[in-house]
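Notes to accompany the following structure.
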Amino acid sequence: MKEIGTVISVKERSVIVNVKRKDACSSCGRCGGHLSLAGDSMIVEALKTGDPKPGDQVILELPDVDFLRLSFLVYMLPLLCLGLGYAGGWFLGSLLGNPSLWAGVFAAGALVGCFAWLRSYDASSRKSGKYMPLAKPLDD
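The numbering used here applies: residue 457 is where the sequence shown begins, and numbers increase by one.
Quick look at the structure:
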């Protein structure tokens, strides 16, 4: 993922960048972008490289590996947990009786557990800056 934006402010190890929102960004939200009041741009915090100043143009980059990993975590992991919970519940339910009930209970529990884990993983990765985009000077 690469986007071009304008630096709004500079912090110790990051920059705040105003980026024109594209249609593909409408529901992703991975970069941590917050829509502006106009709704056509996003405010994104990114790790800085170099010495950007307010008003400078930068390229925001999120490595493809990180983008794919995050896509898997957000879209596929909940489906896998749901399926495994359903299968485990069906197996246990066939031993205890009423497999449909147990399959539904285990599927819901696995899905809730998955989203709870994803929420804590998101908080820890935001704190560490693991998946923050990099802001590189445009002239590189």
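Don't be surprised by glycine CBs; every beta carbon is placed ideally from N, CA and C.
None of the values given here were measured: they were computed from a predicted structure.
Who are the Cβ neighbours of Met-457 in its own chain at under 6 Å, not counting the five residues just before and after it?
-> Reading the sequence shown from its first residue, position 1 is the one you call residue 457. Apart from sequence neighbours up to five positions away, the residues of its chain that approach Met-457 with a beta-carbon distance below 6 Å are Leu-518 and Phe-523, ordered along the chain.
How should Val-568 be labelled, buried or exposed, when 16 other C-beta atoms within 10 angstroms of its C-beta is the threshold for buried?
-> Here residue 568 is taken as the residue at index 112 of the sequence shown, counted from 1. Counting Cβ neighbours within 10 Å, Val-568 comes out exposed, since fewer than 16 surround it.
Touching by the beta-carbon criterion (3+ pairs, under 8 Å), the region 547 to 561 and the region 521 to 538 = They do not touch, by the three-pair rule.
Ignore the nearest five residues each way along the sequence and tell me which others in Leu-574's own chain have a CB closer than 6 Å to its CB.
-> Taking the first residue of the sequence shown as position 1, residue 574 is located at position 118. If we look at Leu-574 and ignore the five residues flanking it on each side, it has no Cβ neighbours.
Tell me where the beta strand (DSSP E) around Pro-593 begins and ends.
-> Taking the sequence shown and counting its residues from 1, one reaches residue 593 at position 137. Pro-593 -> beta strand (DSSP E) spans 590 to 593.
How big is the Cα-Cα spacing for Lys-586 and Leu-552?
-> Along the sequence shown, read from residue 1 onward, the residue named residue 586 stands at position 130. Along the sequence shown, read from residue 1 onward, the residue named residue 552 stands at position 96. Distance between the alpha carbons of Lys-586 and Leu-552 is about 44 Å.
What's the gap between the Cα of Val-561 and the Cα of Ile-499?
-> For the purposes of this step, residue 561 is taken as the residue at position 105 of the sequence shown. For the purposes of this step, residue 499 is taken as the residue at position 43 of the sequence shown. Answer to the nearest angstrom: the Cα atoms are 40 Å apart.
Closest to Gly-539 by CA distance: which of Ser-550, Cys-570 and Asp-512 is it?
-> As a position in the sequence shown, residue 539 is number 83, starting the count at 1. The residue among Ser-550, Cys-570 and Asp-512 with its C-alpha nearest the C-alpha of Gly-539 is Cys-570.
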